[in-house]
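Here's the structure, in structure tokens; my notes come after.
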Amino acid sequence: MLKLLLMELYTQKKIAFLIPIIMFPLFLTLGDKISGSDPFPTIIFSLAVGFISYFLTSYSNSNTGETEKLQYKLLLSLPVSRRMIIAAKYAMVSLWWLISYIWLILVLLLLKYAAGLQMEQPILNWEVTFLSLCCSYFMNAIFYPFYFKYGYRTANIIGIMVFFTLSNIAGKIGSLNLSSHAVFASVLDYPLAAFASLTAVLVLFAYMISLRIFIRTDY
């Protein structure tokens, strides 16, 4: 398993690690809106980490069809099972998340001291850490089943659509009066737990589908 994880890391395109640079205009535009103790900064930071993590994960799988088949054919010639390969793909999301989290911290520090960005709420808090990990797994759990079934291009388009859908939902949910409904009220009381539960179910479901597709695919 460790060797599979290291292979994913070593074969990543170096240009992919520059993706946090595109966050510069976003945070400069938001300015002091990402300061304070309200949920908005937490959501923005978490989605940013999730997007970077998703990009790193998807870009590490951005091979052509023939290259992809050759890669898996070589892997399967080694003493590794198909189940282990899929498990490594999903475990690798955690490492891409950690790299993304560190990268975003560096970006925010650079903006704070070089561009004078005012940010009262630090990114280093457990809510951002937990929610960003959930966002990373949520988006990548949608990416992988489509990737193994239809290939990189289709999966990547769907994954980007999911990201913008999550962003729109996060932006509008505060303006909706959901507290009058008992079900929504209970969700709003424990939003992190609700999203984490949904993510856990999605990841388990996506893992099983990915494994089923990968086992049935002839390489």
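Under the numbering used here, the first residue of the sequence shown carries the number 963, and numbering increases by one thereafter.
Beta carbons are placed, not taken as given, at the ideal position from N, Cα and C, and that holds for glycine.
Owing to the predicted nature of the structure, the values given are computational and were not obtained by experimental measurement.
| Check | Outcome |
| --- | --- |
| Own chain, CB closer than 7 Å to LYS1111, minus 5 neighbours either side, in chain order | ILE1175 |
| Proximity to LYS976 [Cα-Cα], best of LEU1018, MET963, GLN1033, ASN1087 | LEU1018 |
| C-beta atoms of TYR1169 and TYR1052 nearer than 7 Å | yes |
| Burial state of VAL1163 (16 or more Cβ within 10 Å) | exposed |
| Simplified DSSP state of LEU1070, which is helix, strand or coil | helix |
| Inter-residue Cα distance where the pair is ASP1180 and SER1098 | 29 Å |
| Whether THR1004 touches VAL1090 by CB criterion (7 Å) | yes |
| Cβ-based burial, SER1039 [other Cβ within 10 Å; buried from 16] | exposed |
| Beta-carbon gap between SER1015 and TYR1106 smaller than 7 Å | no |
| Of the residues LEU1160, PHE979, TRP1088, the one placed nearest SER1008, counting alpha carbons only | TRP1088 |
| Local conformation of ASN1139 per DSSP, three classes | With a pLDDT of only 49 at ASN1139, under 50, the local geometry of the prediction cannot be trusted, and the value read off the model is given with reservation. Reduced to three states, the DSSP call for ASN1139 is coil. |
| DSSP state of GLN1033 mapped onto helix, strand, coil | helix |
| Extent of the continuous alpha helix (DSSP H) to which PRO1153 belongs | 1153-1178 |
| Outcome for SER1142 when other beta-carbon atoms lying within 10 angstroms are tallied against a minimum of 16 | Residue placement at SER1142 cannot be trusted, given a pLDDT of 48 that sits under 50; the coordinates are not used to answer. |
| CA nearest to the CA of TRP1058, picked from TYR972, LEU1160, MET1046, ALA1158 | TYR972 |
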